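Q: Order-wise, the sequence lines are chains C and L. Read in numbering that gives the first Met the number 0, the first sequence has 34 at position 35, and its numbers run on one by one without any break. Read in numbering that gives the first Met the number 0, the second sequence has 269 at position 270, and its numbers run on one by one without any break. Note that CB positions come from ideal geometry on N, CA and C, so glycine has one too. In this text the structure is predicted, and so the values were computed from the model without any measurement.
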Amino acid sequence: MQIKESQKLQTCALVILRILIGWHFLYEGVAKLLKGNWSAAGFLSQSKWILSPVFQWMVSNETVLNLVNQMNIWGLILIGLGLITGTFTRIAAAAGMALIFLYYLCNPPLAGLFYSIPSEGNYLIVNKNVVEMAALFVLIVFPAARNWGIDHILVRMFRRS
Amino acid sequence: MTDKQNKDKNKQNPSIDRRDFLQGLAATPVLGLFGAALIHEQSVKKKLTKAKPKVVPENLEPLNIAVIGSGAQGQVLIDAMLKLPGLHFKAVCDIWTEYNLKRAAGILKRYGHPVNRYIDYRDMLVREQDLDAVVIASPDFWHADHAVACLEAGLHVYCEKEMSNTLEGAHRMVMASRKAGKLLQIGHQRRSNPRYLHCYDKLIREAKLLGRMTSVNGQWNRAVQPDLGWPEKYAIQPDILRKYGFDSMHQFRNWRWFKNLGGGPIVDLGSHQIDIYNWFLKARPKSVLASGGTDYYDPAAHEWYDTVLAIYEYETPAGTVRAFYQTLTSNSSEGYFENFLGDEGTLHISESSNRGGVYREPNAPQWDEWVRLGYLSAPEKAGTQATSAVLDVRETIAPDRHDIPIVFTDPYHMPHLENFFNTVRGLDTLNCPAETGYETAVTVLKVNEAVKAGKQLAFSEQDFLI
Chain C
0 MQIKESQKLQ TCALVILRIL IGWHFLYEGV AKLLKGNWSA AGFLSQSKWI
50 LSPVFQWMVS NETVLNLVNQ MNIWGLILIG LGLITGTFTR IAAAAGMALI
100 FLYYLCNPPL AGLFYSIPSE GNYLIVNKNV VEMAALFVLI VFPAARNWGI
150 DHILVRMFRR S
Chain L
0 MTDKQNKDKN KQNPSIDRRD FLQGLAATPV LGLFGAALIH EQSVKKKLTK
50 AKPKVVPENL EPLNIAVIGS GAQGQVLIDA MLKLPGLHFK AVCDIWTEYN
100 LKRAAGILKR YGHPVNRYID YRDMLVREQD LDAVVIASPD FWHADHAVAC
150 LEAGLHVYCE KEMSNTLEGA HRMVMASRKA GKLLQIGHQR RSNPRYLHCY
200 DKLIREAKLL GRMTSVNGQW NRAVQPDLGW PEKYAIQPDI LRKYGFDSMH
250 QFRNWRWFKN LGGGPIVDLG SHQIDIYNWF LKARPKSVLA SGGTDYYDPA
300 AHEWYDTVLA IYEYETPAGT VRAFYQTLTS NSSEGYFENF LGDEGTLHIS
350 ESSNRGGVYR EPNAPQWDEW VRLGYLSAPE KAGTQATSAV LDVRETIAPD
400 RHDIPIVFTD PYHMPHLENF FNTVRGLDTL NCPAETGYET AVTVLKVNEA
450 VKAGKQLAFS EQDFLI
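Structure, rendered in structure tokens:
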């Protein structure tokens with residue numbers, strides 16, 4: 000009985016974590032979409048560290064920059080929707096990790112690197128991006144949507160045939 | 000539940016039942032919450048950024064106007080007026096025909112306003128019969144004669160500050176405006192500046208962010224400037240100069256430094272800012288103490304004081320307020336600004352390039368609500384600078400700094416002129432009517448008296464009344 004109760008709580012905690020991260024992604028995407036003129040240019044152009052030339056190249060080419068902007072906005076929105084509703088949850092979580100990892104590589108909080116866009120906290124190597132990535136990793140390796148999400152229906156539909 | 004368990008369950012019960020369906024959709028209501036939160040956020044944002052309704056330019060009644068005095072300041076006003084809709088320039092009057100008059104008329108012509116040129120304002124008033132309003136930017140000692148003549152001719156008048164170099168002149172102007180029933184706006188243009196209006200209406204009056212105001216200080220410090228010159232071939236004939244009250248071309252160009260013509264830096268510069276003291280404190284001063292002199296420039300060519308420090312005392316309903324003002328013309332440190340200091344906050348404001356900020360005293364109530372309403376920008380946290388010094392017990396923690404969230408990029412004089420012309424059209428009320436200009440003239444001209452007297456001079460309520 001005790002084990003069952005704790006399992007329920009674990010599932011509940013995973014679902015909450017999934018929804019919260021989904022909300023964050025969704026709003027980040029929607030807010031950029033509603034802004035109309037949002038661009039990743041500022042963030043990308045202050046890129047530091049070894050991958051800086053790659054991100055600088057993205058800014059320098061208008062077509063690429065537009066593509067990056069659109070992919071970022073819609074990536075955030077789709078990942079957010081996927082996580083909140085529990086649809087293709089593992090794919091969404093993995094895509095979220097990949098996206099955040101790119102943010103991290105663009106502006107890693109390493110000793111001696113300074114950024115003109117100020118951060119709201121103090122970070123060394125580990126920042127909130129890394130924590131959110133780790134949380135998404137948890138969502139991948141545990142069944143965070145098998146019971147409470149669209150995946151629950153999808154799995155059954157898939158199995159029926 | 001693990002994948003294996005799931006698989007087993009699926010094998011046993013492969014169909015989707017109602018329970019599975021509801022379970023699968025269990026998290027989707029969060030999207031509804033998200034949508035509701037988003038709609039709320041958007042409506043709050045919309046409310047904060049809603050623009051002030053503007054008068055539609057097409058409906059504006061066209062006005063015929065003339066300009067008296069097209070020197071440096073006249074040109075500033077013309078440039079600002081050219082950005083306003085519904086104005087037809089008909090005439091320009093200036094005694095420096097070969098320079099000021101030619102330049103102003105040329106610029107106006109380029110903008111599609113062929114104007115008649117006049118040397119004498121009386122001549123202009125006789126010949127121009129379809130004028131609605133006149134904008135005066137002549138030297139201070141001419142303001143009274145020019146304004147009174149225009150008002151008596153039935154025209155509305157916008158007159159540059161200082162209203163007059165004498166109280167007698169300013170008095171005549173108020174009386175002429177009343178007698179003619181015509182508008183007289185004095186050019187203290189900060190009174191129409193949206194940033195100053197926001198600070199007064201929202202921050203000081205409504206939100207009372209400064210608490211009990213105890214002190215004001217302000218300054219206009221300017222770097223050393225050589226006297227103004229003129230191209231010799233364009234010099235005005237001596238008889239014309241004499242006819243219009245100038246001894247020489249040098250005096251004509253540098254009239255601000257001469258007694259009987261101007262009022263010196265304290266009047267030219269200080270007047271703008273001391274006017275704000277009266278406005279923001281909603282009071283008239285009780286006394287003024289001042290020190291000044293011609294310390295730096297040649298006194299023969301600079302009759303007025305090049306350096307003035309003045310202290311006013313105001314009695315407000317909340318208590319005494321002491322207000323300091325300084326103007327230097329030999330050093331430009333910190334430029335120009337006004338600071339209003341209260342027990343709950345400080346307002347730092349300047350006409351210059353959106354400079355300004357509001358600082359909350361550590362003991363004051365939180366300003367979060369005013370930030371939420373958009374009255375202030377979110378604070379930049381102060382006191383977070385790395386320092387090895389431990390905060391001394393006598394030292395107060397540095398206050399948070401908030402930006403004034405109004406950005407003003409039009410020419411400085413444009414809203415004040417717009418306010419005047421819209422009042423002429425019956426769409427607004429004057430932000431600086433003759434009586435207000437008179438009060439400021441009384442307040443400011445007394446500084447020169449106090450410097451001369453070398454002691455504190457008192458104002459009586461009667462001084463400000465007409």
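Using a 10 Å radius around the Cβ and a threshold of 16 neighbouring Cβ atoms, would you call T383 (chain L) buried or exposed?
A: Your numbering for residue 383 (chain L) matches position 384 in the second sequence. Because T383 (chain L) carries a pLDDT of 46, less than 50, the predicted location of this residue cannot be relied on, and no value is offered for it.
Q: With a threshold of 6 Å on Cβ separation, who are the neighbours of W219 (chain L) within its own chain once the five nearest residues in sequence on each side are excluded?
A: To locate residue 219 (chain L), count along the second sequence from 1; it is residue 220. So the list reads L268, T326, Y335, once near-sequence residues are dropped.
Q: Please return the same chain residues whose Cβ sits closer than 7 Å to the Cβ of W155 (chain L), not counting the five positions on each side in sequence.
A: Taking the first residue of the second sequence as 1, we reach residue 155 (chain L) at position 156. The sequence as given places His at residue 155 (chain L); Trp does not occur at that position. Excluding sequence neighbours, H155 (chain L) sits near D131, A132, K181, L182, V423.
Q: With a floor of 4 residues, list each alpha helix (DSSP H) that falls wholly inside the stretch 161–214 of chain L, ordered by position along the chain.
A: Complete alpha helix (DSSP H) runs here, min 4: 166–179, 193–197.
Q: Considering only C-alpha positions, which residue in the set L:A300, L:E40, L:R102, L:K101 is nearest to D226 (chain L)?
A: The residue given as residue 226 (chain L) occupies position 227 in the second sequence. Closest by alpha carbon: L:A300.
Q: Which value, in whole angstroms, describes the spacing of the CA atoms of I310 (chain L) and G261 (chain L)?
A: Reading the second sequence from its first residue, position 311 is the one you call residue 310 (chain L). Reading the second sequence from its first residue, position 262 is the one you call residue 261 (chain L). Those two C-alpha atoms are separated by around 22 Å.
Q: Which residues of chain C have a Cβ atom closer than 7 Å to the Cβ of G23 (chain L), listed in chain order?
A: The residue given as residue 23 (chain L) occupies position 24 in the second sequence. The answer, in chain order, is G148, I149, H151, I152.
Q: Along the stretch 76–91 of chain C, what residues have a CB closer than 8 Å to any CB found in chain L?
A: Result list: L80, I83, T84, G85.
Q: Nearest by alpha-carbon distance to N277 (chain L): which of L:F323, L:W303, L:L166 is it?
A: As a first step, residue 277 (chain L) must be located in the second sequence, where it is residue number 278. N277 (chain L) has its Cα closest to that of L:F323, out of L:F323, L:W303, L:L166.
Q: Compute the minimum distance between the beta carbon of W366 (chain L) and the heavy atoms of the ligand ATP, and state whether it is under 7 Å.
A: Among the ligands in the structure shown, none appear at all, so the ligand ATP cannot be discussed.
Q: Which chain C residues are close to T326 (chain L), counting only those with a beta carbon under 7 Å from its beta carbon?
A: Indexing the second sequence from 1 puts residue 326 (chain L) at position 327. Simply none; closest approach about 38 Å.
Q: Give the DSSP bridge partners of H347 (chain L), in chain order.
A: One-based indexing of the second sequence puts residue 347 (chain L) at position 348. H347 (chain L) is bridged to L:N338, L:G356.
Q: Can you have a look at S387 (chain L) and say buried or exposed, based on whether 16 or more other CB atoms are within 10 angstroms of its CB?
A: The sequence position of residue 387 (chain L) within the second sequence is 388, counting from 1. Residue confidence is low: S387 (chain L) scores 47 on pLDDT, short of 50, so the model does not pin down where it sits. Its coordinate-derived value is still stated next. That one is exposed.
Q: Chain L beta carbons: is any one of them nearer than 8 Å to that of V137 (chain C)?
A: Taking the first sequence and counting its residues from 1, one reaches residue 137 (chain C) at position 138. So no, V137 (chain C) is outside the interface.
Q: Can you list, in chain order, the residues of its chain whose CB lies under 7 Å from that of N430 (chain L), leaving out five sequence neighbours each side?
A: The count along the second sequence starts at 1 and reaches residue 430 (chain L) at position 431. Closer than 7 Å at the Cβ level, and outside the excluded window around N430 (chain L), lie R190, S191, H415, N418.
Q: Which residues of chain C have a Cβ atom closer than 9 Å to the Cβ of V29 (chain L), listed in chain order?
A: Here the question's residue 29 (chain L) lines up with position 30 in the second sequence. Within chain C, the residues near V29 (chain L) are I18, G21, W22, I83, T84.
Q: What did DSSP end up calling T1 (chain L) once you bin it into helix, strand or coil?
A: Taking the second sequence and counting its residues from 1, the one referred to as residue 1 (chain L) is at position 2. Low confidence applies here, because T1 (chain L) scores a pLDDT of 48, under 50, leaving its location unreliable; read the following figure in that light. Three-state DSSP puts T1 (chain L) in coil, outside helix and strand.
Q: Please state whether the Cβ-Cβ distance between L124 (chain L) and V114 (chain L) is less than 8 Å.
A: Reading the second sequence from its first residue, position 125 is the one you call residue 124 (chain L). Reading the second sequence from its first residue, position 115 is the one you call residue 114 (chain L). Cβ atoms of L124 (chain L) and V114 (chain L): not closer than 8 Å.
Q: Pick out whichever of L:L202, L:A317, L:W254 has its Cα sitting closest to the Cα of L488 (chain L).
A: Examination of residue 488 (chain L) is not possible in this model, given that chain L is present from 0 through 465 alone.
Q: Which term fits Q365 (chain L), buried or exposed, when burial requires 16 or more other beta carbons within 10 angstroms of its beta carbon?
A: Working through the second sequence from its first residue, we reach residue 365 (chain L) at position 366. Per the 10 Å Cβ criterion, exposed.
Q: For L166 (chain L), go through chain C and note every residue whose CB falls closer than 8 Å to its CB, in chain order.
A: Stepping through the second sequence from its first residue, residue 166 (chain L) is reached at position 167. None at all; the shortest Cβ gap to chain C is about 54 Å.
Q: Using a Cβ cut-off of 8 Å (strictly closer), state whether L37 (chain L) contacts chain C.
A: Residue 37 (chain L) sits at position 38 when you count from the first residue of the second sequence. By this cut-off, L37 (chain L) is an interface position.
Q: Name the DSSP beta bridge partners of Y311 (chain L), please?
A: Along the second sequence, one-based indexing puts residue 311 (chain L) at 312. Beta-bridge pairing links Y311 (chain L) to L:V287, L:A322.
Q: Would you kindly work out how many angstroms separate the C-alpha atoms of A133 (chain C) and N121 (chain C), rounded to a whole number?
A: By one-based count along the first sequence, residue 133 (chain C) stands at place 134. By one-based count along the first sequence, residue 121 (chain C) stands at place 122. Distance between the alpha carbons of A133 (chain C) and N121 (chain C): 19 Å.
Q: Short of 7 Å in beta carbon distance, which residues of its chain neighbour F251 (chain L), apart from the five on each side in sequence? Order them along the chain.
A: Taking the second sequence and counting its residues from 1, one reaches residue 251 (chain L) at position 252. Same-chain partners within the cutoff: I235, L240, F245.
Q: On a Cα-Cα basis, can you pick out the residue from L:E159, L:V29, L:I94, L:A143 that is closest to T170 (chain L)?
A: If you number the second sequence from 1, residue 170 (chain L) lands on position 171. Reading off the sequence shown, one finds His at residue 170 (chain L), where the question assumed Thr. Closest by alpha carbon: L:A143.
Q: Could you say which of L:H401, L:G210, L:T165, L:K44 lies nearest to E379 (chain L) if we only look at CA atoms?
A: Counted from its first residue, the second sequence places residue 379 (chain L) at position 380. Answer by Cα proximity: L:H401.
Q: How is the alpha helix (DSSP H) around K108 (chain L) delimited, first residue to last?
A: What you label residue 108 (chain L) is simply residue 109 of the second sequence in a count that begins at 1. Unbroken alpha helix (DSSP H) run through K108 (chain L): 101–109.
Q: For the stretch 61–88 of chain L, list every residue whose C-beta sits within 7 Å of some C-beta in chain C, in sequence order.
A: Residues: none.
Q: If you draw a straight line from the C-alpha of H197 (chain L) to the C-alpha of L98 (chain C), how long is it?
A: Start at 1 with the first residue of the second sequence, and residue 197 (chain L) comes out as number 198. Start at 1 with the first residue of the first sequence, and residue 98 (chain C) comes out as number 99. Spanning the two alpha carbons is a distance of roughly 43 Å.
Q: With Y98 (chain L) and Y233 (chain L) assumed to form a contact (beta carbons below 8 Å), what rounded beta-carbon distance in angstroms separates them?
A: Counting from 1 along the second sequence, the entry for residue 98 (chain L) is found at position 99. Counting from 1 along the second sequence, the entry for residue 233 (chain L) is found at position 234. At roughly 5 Å, the Cβ-Cβ gap stays under 8 Å, so Y98 (chain L) and Y233 (chain L) are in contact.
Q: Let me confirm a value: E460 (chain L) is counted as buried when at least 16 other C-beta atoms fall within 10 Å, else exposed. Which label applies?
A: For the purposes of this step, residue 460 (chain L) is identified with residue 461 of the second sequence, where counting begins at 1. It counts as exposed.
Q: Going by CA-CA distance only, name the one from L:A25, L:L83, L:R109, L:T27 that's closest to Y411 (chain L).
A: In the second sequence, counting from the first residue as 1, residue 411 (chain L) sits at position 412. Among L:A25, L:L83, L:R109, L:T27, the Cα nearest to that of Y411 (chain L) is on L:L83.
Q: Between which two residues does the beta strand (DSSP E) carrying R252 (chain L) extend?
A: Along the second sequence, one-based indexing puts residue 252 (chain L) at 253. Taken as a continuous stretch (DSSP letters only), R252 (chain L) belongs to no beta strand (DSSP E), being part of the alpha helix (DSSP H) at 248–252.
Q: Name the residue from L:E159, L:I15, L:A25, L:Q224 whose alpha carbon lies nearest to the alpha carbon of I152 (chain C).
A: Position 153 of the first sequence, counted from the start, is the residue given in the question as residue 152 (chain C). Nearest option by C-alpha distance: L:I15.
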